[in-house]
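**Q** Add 679 to a position in the sequence shown, counting from 1, and you land on the number used in this note's numbering.
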Amino acid sequence: MSQKAQIGVTGLAVMGRNLARNFARHGHTVALHNRSYGRTKELVEEFGHEGTFLPAETAEQFVASLERPRRVVIMVKAGPATDAVIDEFAPLLEEGDMLIDAGNAHYADTRRREAALKAKGLHFVGAGVSGGEEGALHGPSIMPGGPKESYDALGPLLEDIAAKVDGEPCCVHVGPDGAGHFVKMVHNGIEYADMQLIAEAYDLLRQVGGLSPQEIAGVFGEWNAGRLGSYLIEITAEVLKQVDASSGKPFVDIVADQAEQKGTGRWTVQAALDLGVPVSGIAESVFARALSGGADVRKAAADAGLPGPSAGSEHVGGDLRADVEQALFASKIVAYAQGFQQIQAASKEYGWAIDPGAMAKIWRAGCIIRAKFLDFIKQAYDKNPELATLLVDDYFLDAVSGAQDAWRRVVVTAAQQGIPAPGFSSALAYYDGLRAKRLPAALIQGQRDFFGAHTYRRVDKEGSFHTLWATDDRPEVDA
Ligand code: NBP
680 MSQKAQIGVT GLAVMGRNLA RNFARHGHTV ALHNRSYGRT KELVEEFGHE
730 GTFLPAETAE QFVASLERPR RVVIMVKAGP ATDAVIDEFA PLLEEGDMLI
780 DAGNAHYADT RRREAALKAK GLHFVGAGVS GGEEGALHGP SIMPGGPKES
830 YDALGPLLED IAAKVDGEPC CVHVGPDGAG HFVKMVHNGI EYADMQLIAE
880 AYDLLRQVGG LSPQEIAGVF GEWNAGRLGS YLIEITAEVL KQVDASSGKP
930 FVDIVADQAE QKGTGRWTVQ AALDLGVPVS GIAESVFARA LSGGADVRKA
980 AADAGLPGPS AGSEHVGGDL RADVEQALFA SKIVAYAQGF QQIQAASKEY
1030 GWAIDPGAMA KIWRAGCIIR AKFLDFIKQA YDKNPELATL LVDDYFLDAV
1080 SGAQDAWRRV VVTAAQQGIP APGFSSALAY YDGLRAKRLP AALIQGQRDF
1130 FGAHTYRRVD KEGSFHTLWA TDDRPEVDA
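Next up, the structure:
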């Protein structure tokens, strides 16, 4: 074969197909492969005019059509399918060739695959890709991990097809082995938290403020022009405007109120538990979806008539809309602060040396959480890459200081009116926990020492101590 492709894509369902078209539209010759040839054929028939494609029926033909070092993008169902594809292609590749897993793999799988392929002289790049099918076609946010040297050969192609902000690509080498998929996972976790907070804001405006979905769409439209401006706020207004054609009712009223999940939010929380990072905003959003989906438990509660507050009370002390905007912004800051803290903790744990400001930069377009707000996060980490938490950066400190009275009023109103607002209230509890001079953790240490002789540290001298409790026959010790 004379003509060679700069990049190949195997796995041509909706995501792979659009990524392949995106590469081709940017002038790259793209080798195509799919387990079943039908999808490959379809792509060439429908979109062959968009660029230069080299369709292959077999893995061998596909590999032979690629220039060296070979760059093979895998875009198949995450899990065993990815391993099957790696097992098929690895024996056909040569030293220095690259396998790029652009699916939603768990970062631990990526670490395992990278180590195994490194031993064979191959470069394995776990690349997070966000933006769904539209993003894949028009410019996703791309979070590639893997060896730094593979980025030299791969980065320019990925940067070509990535979303751009002021000409800058939303793609950067995140860090070695599983760093890219880890960051993509946390991106999705933050997305869960963002969506939950927006949903709580809607619920309060509707239930307390008595606004209709159309009116709330207007409120979100206004907010979108301000500091909350983001893709998720924008689409929320669109969803709330929608009227169901068959019933004439607001669309939001005819949808079953049981949120589903594919699992990346859950992975984020599981990883955070292992790292000991309190991502309460993300966790509450995952649990809120689980609660909504627990039809049997919700029915049992409804059947038993679990009582709510005896009398509803008005929102007191401020304008509800303005207060909810403040609560939403402050809670969002907390969720992002927690997510970035998780990225920093993992970076330290695995030696990834991730630049948090660069993550904020590549999330500014192409991905689901794209927002104006990310510019401020980037600036905060540019000023201080070691920032312990975003909450202490001047911009965010000012924002939460300005929001906190309204934020507290909103949480009070939600509690008094019996409206669940786990995102707003847990974010506020986290904020108060961080700023507390003394936490009741001291009492927990006492309890632990009492029942398990786990010892404690003192505020006034160094060392570990155990107290001789009334029921204890061990002596008081400086352990
Ligand atoms: P799917 O996740 O639906 O996977 C379908 C593709 O996987 C087809 O090409 C299929 O081949 C291939 N495949 C399967 Br299934 N088992 C295989 C095996 N054992 N060996 C070889 N190929 C196999 O596709 P998608 O929705 O395009 O998503 C692709 C990846 O991108 C996933 O990891 C997904 O999580 C991720 N992602 C998706 C989105 C999105 O919005 N959809 C967004 C971001 C990331 P076949 O045609 O022969 O059945």
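Glycine residues also receive a C-beta, built at the ideal position from the N, C-alpha and C atoms. All values reported here derive from a predicted model rather than from experimental measurement.
Relative to the ligand NBP, is the shortest distance from any of its heavy atoms to the C-beta of Ser-809 smaller than 7 Å?
**A** By 1-based counting over the sequence shown, the position of residue 809 is 130. Yes, the ligand NBP has a heavy atom inside 7 Å of this Cβ.
**Q** Helix, strand or coil for Ala-938? Go by DSSP, reduced to three states.
**A** The count along the sequence shown starts at 1 and reaches residue 938 at position 259. Looking at Ala-938 - three-state DSSP - the assignment turns out to be coil, as it is neither helix nor strand.
**Q** Given 7 Å as the limit, tell me if Arg-714 has its C-beta closer than that to any heavy atom belonging to the ligand NBP.
**A** Counted from its first residue, the sequence shown places residue 714 at position 35. Because some heavy atom of the ligand NBP lies under 7 Å away, the Cβ of Arg-714 counts as near it: yes.
**Q** So, under 8 Å CB-CB, Arg-750 and Val-898 are touching, yes? Tell me the CB distance rounded to an integer number of Å.
**A** As a working mapping, residue 750 is identified with position 71 in the sequence shown. As a working mapping, residue 898 is identified with position 219 in the sequence shown. Contact flag wrong, Cβ pair sits at about 47 Å.
**Q** For Ala-794, which residues in the same chain have their Cβ closer than 8 Å to its Cβ, ignoring the five residues on either side in sequence?
**A** Residue mapping note: residue 794 aligns to position 115 of the sequence shown, counting from 1. Closer than 8 Å at the Cβ level, and outside the excluded window around Ala-794, lie Asp-856.
**Q** What are the boundary residues of the beta strand (DSSP E) that Thr-689 is part of?
**A** For the purposes of this step, residue 689 is taken as residue 10 along the sequence shown, with counting starting at 1. Residues 686-689.
**Q** Taking the alpha helix (DSSP H) that His-866 belongs to, which residues open and close that run?
**A** Numbered from 1 along the sequence shown, position 187 holds the residue referred to as residue 866. Here the alpha helix (DSSP H) through His-866 covers 858-886.
**Q** Should Met-694 be listed as close to the ligand NBP, given that the test is whether its C-beta is under 7 Å from any heavy atom?
**A** Mapped onto the sequence shown, residue 694 falls at position 15. Met-694: yes, Cβ under 7 Å from the ligand NBP.
**Q** Determine the DSSP secondary structure at Leu-722, reduced to helix, strand or coil.
**A** Position 43 of the sequence shown holds residue 722. Three-state DSSP puts Leu-722 in a helix.
**Q** Return the chain-ordered list of same chain residues with a C-beta closer than 8 Å to the C-beta of Leu-772, the five sequence neighbours on each side being excluded.
**A** Position 93 of the sequence shown, counted from the start, is the residue given in the question as residue 772. Excluding sequence neighbours, Leu-772 sits near Val-742, Arg-749, Val-751, Leu-778 and Leu-801.
**Q** To the nearest angstrom, report how far apart Val-1138 and Phe-1144 are at their CA atoms.
**A** Translated into the one-based positions of the sequence shown, residue 1138 becomes position 459. Translated into the one-based positions of the sequence shown, residue 1144 becomes position 465. Roughly 11 Å separates the two Cα atoms.
**Q** Pair every Cβ in the region 886-898 with every Cβ in the region 1048-1064, then say whether three or more of these pairs are closer than 8 Å.
**A** No, the region 886-898 does not touch the region 1048-1064.
**Q** Closer than 7 Å to a non-hydrogen atom of the ligand NBP - does that hold for the CB of Asn-701?
**A** Here residue 701 corresponds to residue number 22 of the sequence shown, with the count starting at 1. No, Cβ of Asn-701 sits at least 7 Å from all heavy atoms of the ligand NBP.
**Q** Under 7 Å: does the beta carbon of Asn-1063 sit that close to some heavy atom of the ligand NBP?
**A** Translated into positions along the sequence shown, residue 1063 becomes position 384. False, no ligand heavy atom lies under 7 Å from that Cβ.
**Q** In the DSSP assignment, find the unbroken alpha helix (DSSP H) run with Leu-1113 in it and report its ends.
**A** If you number the sequence shown from 1, residue 1113 lands on position 434. Where Leu-1113 is concerned, the enclosing alpha helix (DSSP H) stretches over 1101-1114.
**Q** Are there any heavy atoms of the ligand NBP lying less than 7 Å away from the beta-carbon of Glu-793, as far as the coordinates show?
**A** For this step, residue 793 is matched to residue 114 along the sequence shown. No - the ligand NBP has no heavy atom lying nearer than 7 Å to the Cβ of Glu-793.
**Q** Within the same chain, show all residues whose beta-carbon is closer than 6 Å to that of Glu-838, passing over the 5 residues directly before and after it, in chain order.
**A** Start at 1 with the first residue of the sequence shown, and residue 838 comes out as number 159. Once the five neighbours on either side are set aside, the close Cβ partners of Glu-838 are Pro-848 and Cys-850.
**Q** Could you compute how far the alpha carbon of Leu-1107 sits from the alpha carbon of Gly-727?
**A** Within the sequence shown, residue 1107 is the residue found at index 428, counting from 1. Within the sequence shown, residue 727 is the residue found at index 48, counting from 1. Approximately 53 Å, taken between the alpha carbons.
**Q** Does the Cβ of Met-754 lie closer than 7 Å to at least one heavy atom of the ligand NBP?
**A** By 1-based counting over the sequence shown, the position of residue 754 is 75. Answer for Met-754: yes, Cβ within range of the ligand NBP.
**Q** The beta strand (DSSP E) that contains Met-754, what's its start and end?
**A** Within the sequence shown, the letter at position 75 stands for residue 754. Per DSSP, Met-754 belongs to no beta strand (DSSP E) and is neither H nor E.
**Q** Nearest-angstrom Cα distance between Phe-768 and Tyr-1015?
**A** Counted from its first residue, the sequence shown places residue 768 at position 89. Counted from its first residue, the sequence shown places residue 1015 at position 336. The straight-line gap from Cα to Cα measures roughly 38 Å.
**Q** So the candidates are Ala-763, Ala-760, Lys-797 and Leu-711; which of them puts its Cα closest to the Cα of Glu-774?
**A** Here residue 774 refers to the residue found at position 95 of the sequence shown. Comparing Cα-Cα distances from Glu-774 to each of Ala-763, Ala-760, Lys-797 and Leu-711, the minimum goes to Lys-797.
**Q** Return helix, strand or coil for Ile-779, following the three-state DSSP convention.
**A** The residue given as residue 779 occupies position 100 in the sequence shown. Residue state, collapsed to three classes: strand.
**Q** So the candidates are Val-804, Leu-698 and Leu-691; which of them puts its Cα closest to the Cα of Ala-735?
**A** Translated into the one-based positions of the sequence shown, residue 735 becomes position 56. For the residues Val-804, Leu-698 and Leu-691, the minimum Cα distance to Ala-735 belongs to Leu-691.
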